[in-house]
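Going by the working numbering, the first residue of the sequence shown is number 133, and it counts up by one from there.
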Amino acid sequence: MNLKKFFTLTLALLLILSFTANLAKAEPQKRDQKKEQKPQSALPRDIKALLEQGLASRQVKPDIPLNFSNLYILPARGIYIAIFVTRLKNADLEYTQKVTSGDNYQTEMDIFFQIYQLDSGTPKLYAENKANSIFSIPAAEYNPEEEHYYYLGYPLPSGKYLLAAALGNRTSKKLGTTYYEFEIPNFEEAYRNGQMETTSLFLLKNYEQLEVQENYPNFKKDYFSWMILKAYPYGEMKLKPGEQPTLMFMIYGTKFDSNQRTQLEINYDIRKDGNKIVAFTPMKYDSPFIEQPIPIPSSKQVKITDDKGERIESKPLEPGNYELVINIKDLIGNTTLEKKIPFELIIE
133 MNLKKFFTLT
143 LALLLILSFT
153 ANLAKAEPQK
163 RDQKKEQKPQ
173 SALPRDIKAL
183 LEQGLASRQV
193 KPDIPLNFSN
203 LYILPARGIY
213 IAIFVTRLKN
223 ADLEYTQKVT
233 SGDNYQTEMD
243 IFFQIYQLDS
253 GTPKLYAENK
263 ANSIFSIPAA
273 EYNPEEEHYY
283 YLGYPLPSGK
293 YLLAAALGNR
303 TSKKLGTTYY
313 EFEIPNFEEA
323 YRNGQMETTS
333 LFLLKNYEQL
343 EVQENYPNFK
353 KDYFSWMILK
363 AYPYGEMKLK
373 PGEQPTLMFM
383 IYGTKFDSNQ
393 RTQLEINYDI
403 RKDGNKIVAF
413 TPMKYDSPFI
423 EQPIPIPSSK
433 QVKITDDKGE
443 RIESKPLEPG
453 NYELVINIKD
463 LIGNTTLEKK
473 IPFELIIE
């Protein structure tokens, strides 16, 4: 890890731990401690009417094929940051070259959204908001058929929700809508039950420090913002031998010693069809925030028995579907948790 990344990660860790200093006692902020907020509409009347019209039947407007396929849940001060993931084709966002954009293709998009609580069964409007973004692609790299991942970030407490969203091109007025149900787990409940749980586990290609901490909501291309981190995840989870993605996540429900430190031991291994292919050296951590580089191997050790006897040989890994298996043990609380991240190994 280079020096700049070390200081970036250290600063992020200090920010994260500043609101988990009392994690031994608890957890995210309780709902009854949170002031009731009356949602103020930031949406144009026609957009609001369009989203509400399709709410009951989840009827979408497909002019822009907006579809949220995944959700990252990240820790934040007394709440969580929900990162909604969508994948969109350049042509659908109508990138164009303009005199003012220099040697780039550019598009300006507005995303409007409503968030409904579903805890009671009947959708109850919780918030309405919008974000404006200008995206650029160098002309030499532009391909109208290429797709990019886009990330919508917004803070929310635990609960069951419905996201109603509209994405529009500010120039052409082209518009698409979608509806996405999701849940943010109650980590407080897991802690009370003596269990460990993690926020979303994600593998990063890279991360950088933001000059200033960004406000929410925000809508980004190729990366999402978290605290002071600009994080570039593996969207398709396709990895190559020799790559070293960075695994990041937060563990809730751990026990702390008198110095407010954890005693965690985590074993990492890579499996194919349930069989362990590669096992890494167990790692120990004194913080519930985990940042761990994961080297993707190119070979595995195989036991060979033939007329020459018994021996161990190194064999290249085959392309295909694998799992990164993460076994977490809290040495103070004597609790365990297993998590898995599926990925596809690409051999070129």
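The beta carbon of each residue, even a glycine, is placed where N, CA and C say it ideally should be.
Do the CB positions of residue i and residue j come within less than 8 Å of each other?
i	j	result
Tyr282	Gln249	no
Phe319	Leu295	no
Lys222	Glu278	This sequence places Asn at residue 222; Lys is not what is there. Against a cut-off of 8 Å, the Cβ pair of Glu278 and Asn222 comes out as a contact.
Asp251	Arg302	no
Pro197	Gly308	yes
Ala322	Leu183	no
Lys432	Glu442	no
Thr239	Thr228	yes
Leu463	Leu396	yes
Tyr364	Tyr355	yes
Gly465	Lys387	yes
Ser430	Pro373	yes
Phe200	Thr310	yes
Thr437	Gln327	no
Ser189	Lys180	no
Leu477	Pro451	yes
Roughly how far, in whole angstroms, is the beta-carbon of residue i from the beta-carbon of residue j, given that I think they are within contact range, below 8 Å?
i	j	result
Leu371	Ile428	5 Å
Pro474	Asn453	7 Å
Pro289	Leu336	About 26 Å; that fails the 8 Å criterion.
Ile211	Ser332	Their Cβ separation, rounded to whole angstroms, is 15 Å, which puts Ile211 and Ser332 out of contact at 8 Å.
Ile402	Gly285	That belief does not hold up - the Cβ atoms of Ile402 and Gly285 are roughly 30 Å apart, past 8 Å.
Glu455	Lys472	5 Å
Lys306	Glu226	7 Å
Phe216	Tyr339	That belief does not hold up - the Cβ atoms of Phe216 and Tyr339 are roughly 19 Å apart, past 8 Å.
Leu175	Lys262	6 Å
Tyr258	Ile247	5 Å
For residue i, name the three-state secondary structure that DSSP assigns.
i	result
Asn391	coil
Asp235	coil
Thr467	strand
Asp462	strand
Arg219	strand
Lys315	According to the sequence shown, residue 315 is Glu rather than Lys. Of the three classes helix, strand and coil, the one that applies to Glu315 here is strand, per DSSP.
Tyr283	strand
Tyr355	coil
Ala322	helix
Gln341	strand
Glu273	helix
Arg163	For Arg163, the pLDDT reaches just 43, beneath the cut-off of 50, and the residue's location in the model is therefore unreliable, leaving the point undetermined.
Ala153	Low per-residue confidence applies at Ala153: pLDDT is 41, beneath 50, and the placement is therefore not dependable, though the value from the model is reported in the following sentence. Note: Ala153 maps to coil in three-state DSSP.
Lys404	strand
Ile179	helix
Ala158	Because Ala158 sits at a pLDDT of 36, beneath the cut-off of 50, its placement in the model cannot be relied upon, and the following sentence gives the value as read from the coordinates. Coil at Ala158, not helix or strand.
Pro171	Residue placement at Pro171 is flagged as unreliable, the pLDDT there being 48, under the threshold of 50; a coordinate-derived value is accordingly withheld.
Taking the DSSP output, what are the residues bridged to residue i?
i	result
Asn453	Glu476
Met328	Met328 is not bridged to any residue.
Ala263	Ile243
Glu442	Thr437
Met380	Phe334, Glu423
Phe200	Thr218
Thr310	Ala297
Lys256	Gln249
Thr228	Gln238
Glu397	Lys416, Lys461
Val410	Ile402
Gly291	Ile316
Ala363	Tyr339, Phe356
Pro207	Tyr212
Asn347	Paired residue(s): none; Asn347 is not in a bridge.
Ser431	Pro448
Lys370	Glu476
Ser268	Gln238
Is any beta-carbon of chain C found at less than 8 Å from that of residue i?
i	result
Gly374	Looking at the structure shown, chain C is missing, and only one protein chain is on hand.
**OP:** Examine the Cβ distances between the stretch 190–207 and the stretch 259–270 and report whether three or more of them are shorter than 8 Å.
**Re:** no
**OP:** Report yes or no: do three or more beta-carbon pairs, one from the stretch 400–418 and one from the stretch 348–359, lie closer than 8 Å?
**Re:** Contact between the stretch 400–418 and the stretch 348–359 is absent: fewer than 3 CB-CB pairs across the two stretches fall below 8 Å.
Subject >> Any 3 or more C-beta pairs closer than 8 Å across the stretch 419–427 and the stretch 383–401 >> reply: The answer is yes - the stretch 383–401 touches the stretch 419–427, with three or more Cβ pairs under 8 Å.
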